[in-house]
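Working notes for the structure below.
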């Protein structure tokens, strides 16, 4: 018997920032030891492109700093004073 392909549930992630998600981003992300697009998508339930934009904004503000800047995977950590 051929097994049927596994059905993946559609992720219902936010496409734009609402006020609650943005506040959660600013409050929680500086406490994360490792910050990447996949971490933000998983924990904040946001879209990948929204997560990339959020990471760029946080880096510009000096809240997080880059560890590895590979062309596909960007790894960041919290900025220590």
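Residue numbers (my numbering): 53 to 133. Backbone N, C-alpha and C fix where the C-beta goes; we use that ideal spot for every residue, glycine too. All of these numbers come straight from a predicted model, not from anything done at the bench.
key: Under the three-state DSSP convention, the category residue 97 falls into   = Residue numbering aside, residue 97 sits at position 45 when the chain shown is read from its first letter. Looking at residue 97 - three-state DSSP - the assignment turns out to be coil, as it is neither helix nor strand.
key: Straight-line Cα distance separating residue 88 from residue 104   = For this step, residue 104 is matched to residue 52 along the chain shown. For this step, residue 88 is matched to residue 36 along the chain shown. Cα to Cα, residue 104 sits roughly 8 Å from residue 88.
ask   = How long is the line joining the alpha carbons of residue 106 and residue 74, rounded to whole angstroms?
value = As a working note, residue 106 is residue 54 in the chain shown. As a working note, residue 74 is residue 22 in the chain shown. Whole-angstrom Cα-Cα distance: 9 Å.
key: Which of helix, strand or coil DSSP assigns to residue 121   = As a working note, residue 121 is residue 69 in the chain shown. Strand, per DSSP.
message = Could you give the first and the last residue of the continuous alpha helix (DSSP H) run that contains residue 129?
response = The residue labelled residue 129 in the question sits at position 77 within the chain shown. Run containing residue 129: none in the alpha helix (DSSP H); it sits in the beta strand (DSSP E), 126 to 130.
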